[in-house]
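Working notes, beginning with the structure itself.
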Amino acid sequence: MERQIDTAGQAMMRELEQDRRYANTLARGLRILRAFRPSDNGLGNLEISERTGIPRSTVSRLTFTLCALGYLTHGRHFDKYRLGPAALALGNIASAAFGFVTVAAPIMQALANEVGALVGVAIQDDGNMLIVKTWRPEGSRTIWLDVGYRMPLLTSSSGLSYLGALSREEREKVEGLLPEESSGTCEELWQRERAHLWREGYAFVQGEARYSRSINAAATPFRPSEIGEPVSFFCGANTDDLSDARIHDQVGPALVQAVAQLKALTGQTVSAVSSG
37 MERQIDTAGQ AMMRELEQDR RYANTLARGL RILRAFRPSD NGLGNLEISE RTGIPRSTVS
97 RLTFTLCALG YLTHGRHFDK YRLGPAALAL GNIASAAFGF VTVAAPIMQA LANEVGALVG
157 VAIQDDGNML IVKTWRPEGS RTIWLDVGYR MPLLTSSSGL SYLGALSREE REKVEGLLPE
217 ESSGTCEELW QRERAHLWRE GYAFVQGEAR YSRSINAAAT PFRPSEIGEP VSFFCGANTD
277 DLSDARIHDQ VGPALVQAVA QLKALTGQTV SAVSSG
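Each residue of the sequence shown is one higher than the last, beginning at 37 in the working numbering.
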């Protein structure tokens, strides 16, 4: 039954794609750039096609163009594509524009040191949560998540923190990025997480609902003035080092307090959780 549900978000995406102002070729080119992950040692046209759903013949034309513009690089004849200097420059410019990350840095580093866990910020990217900044406890050698890592929106604490902060209209747009069978689950989780965020201040996926059994994390939303939607600050570690009880007793409340400090420093007076 859920596969037959035509959500408002999916209808909006179809309308957008049919809009004469919508540049489909540009959208496909950007989809190719977003297909790359930090762990990749280059991608071929076939791999890019499989990741994006774009026909291989079209991928070939787009990768040629992106290489010509410097957004991709390509070595010898049988080498693979990698992100190029133009993509790096664009990323650095975007990063510099998000002043809240700079303001958050000392607060989040202090939190990471205090609780002995990784702290980071994740944004919604094409229906997933993308880690864009992390702070590790001083002296920590453990690396289990890093910038560029993607987490599922509906089964990660960062994703539920983001989802619960959305207005109804924002949620419907995000639904258009998710598999059609997720529509009923998405609305149910949105209702639940909104109430939980108002009550506790943070989201926490536990037990079998977690996308990864090896990671425990709490997350809370923040609405930067530079972005038109919330981001999620998260704090987590391996389950052996961070129990459910410790998240509820220490880490979750400490994370909420840290983000409250960030709000005060950036002049945020409105809750990150939408009232609409």
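For each residue, glycine too, the CB sits at the ideal point set by N, CA and C.
Computed from a predicted model, the values in this text were never measured in an experiment.
Buried or exposed: which applies to residue i, given that a residue is buried once 16 or more other Cβ atoms fall within 10 Å of its Cβ?
i: W234; result: exposed
i: Q54; result: exposed
i: Y117; result: buried
i: L62; result: exposed
i: S176; result: exposed
i: L105; result: exposed
i: P74; result: exposed
Ignore the nearest five residues each way along the sequence and tell me which others in residue i's own chain have a CB closer than 6 Å to its CB.
i: N149; result: P173 and E174
i: Y185; result: I167
i: I159; result: L166, V168 and V267
i: L298; result: A140 and I143
i: V295; result: T256, F258 and F269
i: V155; result: M144, L147, A148, W171 and C271
In chain order, what residues of the same chain have a beta carbon less than 7 Å from the beta carbon of residue i, not counting five sequence neighbours either side?
i: G135; result: E262
i: F72; result: L79 and L119
i: L301; result: V139
i: T191; result: V241, A245, R246 and Y247
i: N81; result: R92, V95, S96 and T99
i: V151; result: C271, Q286, V287 and A290
Quick one: Cα of residue i to Cα of residue j, how far?
i: V139; j: R92; result: 43 Å
i: T221; j: D182; result: 28 Å
i: D250; j: Y198; result: Here the sequence assigns Ser to residue 250, which means Asp is not the residue at that position. Near 21 Å, if we compare the C-alpha coordinates of Y198 and S250.
i: E236; j: C271; result: 15 Å
i: P188; j: V241; result: 12 Å
i: R103; j: S96; result: This sequence places Cys at residue 103; Arg is not what is there. Roughly 11 Å separates the two Cα atoms.
i: E83; j: E208; result: 31 Å
i: A122; j: G200; result: 35 Å
i: Q293; j: Y107; result: 40 Å
i: A153; j: N252; result: 10 Å
i: S131; j: H110; result: 25 Å
i: S310; j: L213; result: 20 Å
i: N77; j: L202; result: 36 Å
Considering only residues of the same chain and omitting the five flanking positions on each side of residue i, which have a CB-CB separation below 8 Å?
i: A254; result: S193, Y238, A239, F240, F270, C271, G272, I283, V287, G288 and L291
- prompt: Should the segment 220-232 be regarded as contacting the segment 161-170, the criterion being three or more beta carbon pairs within less than 8 Å?
  reply: Too few Cβ pairs lie closer than 8 Å, so no.
- request: Just list the alpha helix (DSSP H) runs in the segment 227-299, keeping only unbroken ones of 4 residues or longer that don't cross its boundaries, in chain order.
  value: Here no run is fully enclosed.
message: Quick test of the definition: if touching needs 3 or more C-beta pairs under 8 Å, does the segment 83-91 touch the segment 59-72?
response: Result yes; three or more Cβ-Cβ pairs closer than 8 Å.
field: Stretch pair the segment 216-225 + the segment 245-254: three plus CB contacts closer than 8 Å
entry: Touching, no, given that fewer than three Cβ pairs across the two stretches are closer than 8 Å.
message: So within the segment 117-150, which uninterrupted alpha helix (DSSP H) runs reach at least 4 residues, ignoring any that extend past its ends?
response: When DSSP assignments are scanned along the segment 117-150, the uninterrupted stretches of alpha helix (DSSP H) that are 4 or more residues long and fall wholly within it turn out to be 121-133.
field: Touch test, the segment 272-279 against the segment 291-306, Cβ-Cβ under 8 Å, three pairs minimum
entry: No: the two stretches stay apart, fewer than three of their Cβ pairs being nearer than 8 Å.
message: Report the start-end ranges of each beta strand (DSSP E) in the segment 143-223 that is 3 residues or longer and not cut off at the edges.
response: Correct list: 154-161, 164-171 and 186-188.
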